[in-house]
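Reading the first sequence from the start, the letters are residues 1 to 439 in full-length UniProt numbering.
Glycine included, C-beta positions come from ideal geometry on N, C-alpha and C.
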Amino acid sequence: MSIQQAGSSRRNKWVALVDGTNFFVSCERAFSPRLHGRPVGVMSNNDGCIIARSDELKALGVPMGAPVHKIQHLIRRHRIALLSSNFTLYADMNRRLNDILSCFSDRVEPYSVDESFVELSGFFTDGLLEQGRQIEQAIAQQAHLPVGVGIAQTRTLAKLANSQAKLKRQGPKVSVLDADADSTCQLLEATPVEEVWGVGKRLAERLRRLGIDNAWQLREAPEAMLRKRFSVTLARIQMELKGQPCHDGSGKETAKKQLRVSRSFGRASDNQQEVLDALRHHVQRAAEKLREQKSLVKTFSIFLRTNPFRSDRPQHSDTLLYQFDQPTADTTEMLEAARKLLRRLWREGYHYHKAGVLLMELVDASPAQLSVLETSETQNQRLKRERLMQVMDRVNLSQGRGSVTLGVGMKEAGWKARQEKRSPAYTTSWQELPKVVAR
DNA sequence: TCTGGGGTCCTAGGACCC
DNA sequence: TCTGGGGTCCTAGGACCC
């Protein structure tokens, strides 16, 4: 196993991590002035727990992931505004953010729904700070979103620089971290090891037992020991802390290797038909994603699970796999597979709480993948269905997701998540455009 | 009553083969 | 009495991320 090094750490090659501050909350605020200056939270699917918090909500001591039902007393006392998540809006705002970033660099790599890496070349350190400010300003002006910008030689350091930037009380939230600067030693010493990107709770515990408590100690630890006692992953993190890039941008835009669609139900169900309805929905969505990235699936699977928090009820959780004879992107074939699998997986007397679909072993949908043994008749059928899928995808893209489905409509189904406080799809639905009223 | 969803990468260990 | 060793492939599960 070798450590892959992507390029050398030449002084003029830098990477910026641009990250939306309290992103989901900021997206909501961009369209709703009443949300400014008060505690705001965005809830998970099903309005179950808190997945984004404004600074005011953080100040009240509400932790990330807090179950909503456990903070009811705070909600009333402090006039907390809670919103259901509106991922259509957040994804669209993310697209805008990346459009703006692409004016600053032709190498922008979206990393998650609220952050992107941007390669910056040919700058000296002070020029970098100014560049970061311009990025921050452009996003504030054009997308009305606050961001933090962290710049360094590697992504791991840019992550740390970004957290530094966000700590700034006033002025631009931009920070540059030079791996070779003297000040970096102090900063890394003051950084607990679990705050390093890629070091979670478990690894941190093990590192602490060896006397490695902070980022500087990790950077200076013997590399051979890290590789032997831990893994190549930790050795790469160490290289990155030294300023030698090990993650590069080559992974961008590659097709996903697995796709998953799953949801908890609005209420638990012991009705097989109802669960099948939920799975049908998930299958259709998964198949769309599959066709979007131009892949075919070989191994298909579904899973079911009861609510693990209900220790008073019997628990059942299981997954079943299905192998397609030929890789496919056809929704009808996947629906059929899901139906068969569910019949085998189903157990009477359990209240199921979540169901999902997993597409594994994805292959490229090039014509070479099709069987040479296919008869002209089956080929005709396949082409007809492919055209049907194309039409469905186009309609759903232009008219909104779920406009056309195979089988029963999904409108009032019992498994549907609760989303009682969702904001409108301001930017992606003609029906929900913000209204301006002249007085 | 009420506790998210969707990913990636790596490793250990079993199965199998010669 | 002694009961191989080394390779590959696959899968489950751990750990981490946002």
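Start-to-end residues for the alpha helix (DSSP H) that takes in residue i
i              : result
glycine 132    : 125-143
methionine 93  : 87-101
valine 232     : 232-241
leucine 187    : 182-189
lysine 416     : Looking at the DSSP string, lysine 416 is not in any alpha helix (DSSP H), and its letter there is neither H nor E.
leucine 207    : 201-209
tryptophan 216 : 215-220
Residue i - DSSP class collapsed to helix/strand/coil
i                : result
glutamine 431    : helix
arginine 29      : helix
histidine 247    : coil
phenylalanine 23 : helix
leucine 290      : helix
histidine 73     : helix
asparagine 46    : helix
serine 403       : coil
valine 395       : helix
threonine 154    : coil
arginine 422     : strand
arginine 169     : coil
lysine 298       : strand
serine 105       : coil
valine 147       : strand
valine 18        : strand
Paired residues, beta bridge with residue i - DSSP
i            : result
arginine 53  : Gly41
lysine 13    : Ser121
serine 269   : Tyr352
proline 67   : Cys49
arginine 227 : DSSP lists no partner for arginine 227.
arginine 263 : Ala355
Same chain, Cβ closer than 6 angstroms to residue i, neighbours up to 5 away in sequence not counted
i                : result
phenylalanine 23 : Asp114
alanine 152      : Ala158, Ala161, Leu177
glycine 150      : Leu17, Ala158, Ala161, Asn162, Ala165, Ser175
glycine 200      : none
lysine 13        : Ser121
serine 102       : Val108
glutamate 240    : Thr154, Thr156, Cys246
arginine 422     : Ser84, Asn86
aspartate 330    : Arg385
serine 8         : Residue placement at serine 8 cannot be trusted, given a pLDDT of 36 that sits under 50; the coordinates are not used to answer.
lysine 252       : Residue confidence is low: lysine 252 scores 43 on pLDDT, short of 50, so the model does not pin down where it sits. Its coordinate-derived value is still stated next. If we look at lysine 252 and ignore the five residues flanking it on each side, its Cβ neighbours are Glu109.
leucine 397      : none
Cβ-based neighbour list, residue i, same chain, cut-off 8 angstroms, excluding 5 preceding and 5 following
i             : result
serine 376    : none
lysine 173    : Thr21, Glu136, Pro146, Val147, Gly148, Val149, Ala165, Lys166
aspartate 270 : Glu348, Gly349, Tyr350, His351, Tyr352
glycine 37    : Glu56
proline 434   : Phe31, Pro424, Tyr426
Own chain residues within Cβ distance below 7 angstroms of residue i, not counting five before or after
i             : result
leucine 279   : Ile302, Ala338, Leu342, Ala355, Val357
lysine 289    : Leu259
isoleucine 71 : Val62
serine 85     : Phe24, Val42, Met43, Ser44, Asn45, Ile51
glutamine 369 : Since pLDDT at glutamine 369 reaches only 49, below the 50 mark, its modelled position is unreliable, and the value read off the structure follows with that caveat. For glutamine 369, where only same-chain residues beyond five positions count, the Cβ hits under 7 angstroms are Leu296, Pro327, Val363.
serine 2      : Note that serine 2 scores a pLDDT of 37, beneath 50, so its modelled location is shaky; the value from the coordinates is reported in the next line. Closer than 7 angstroms at the Cβ level, and outside the excluded window around serine 2, lies no residue.
arginine 133  : Pro172, Val174
isoleucine 75 : Leu82
threonine 405 : Gln284
Element boundaries [beta strand (DSSP E), containing residue i]
i             : result
leucine 177   : 174-177
glutamate 115 : 115-121
alanine 255   : That residue, alanine 255, is in no beta strand (DSSP E); it is neither H nor E in DSSP.
glutamate 109 : 108-112
leucine 35    : Looking at the DSSP string, leucine 35 is not in any beta strand (DSSP E), and its letter there is neither H nor E.
alanine 82    : According to the sequence as given, residue 82 is leucine; it is not alanine. First-last of the beta strand (DSSP E) with leucine 82: 81-84.
Unbroken beta strand (DSSP E) runs of length 3 or more, entirely within the segment 305-385: which are they? 317-328, 352-364
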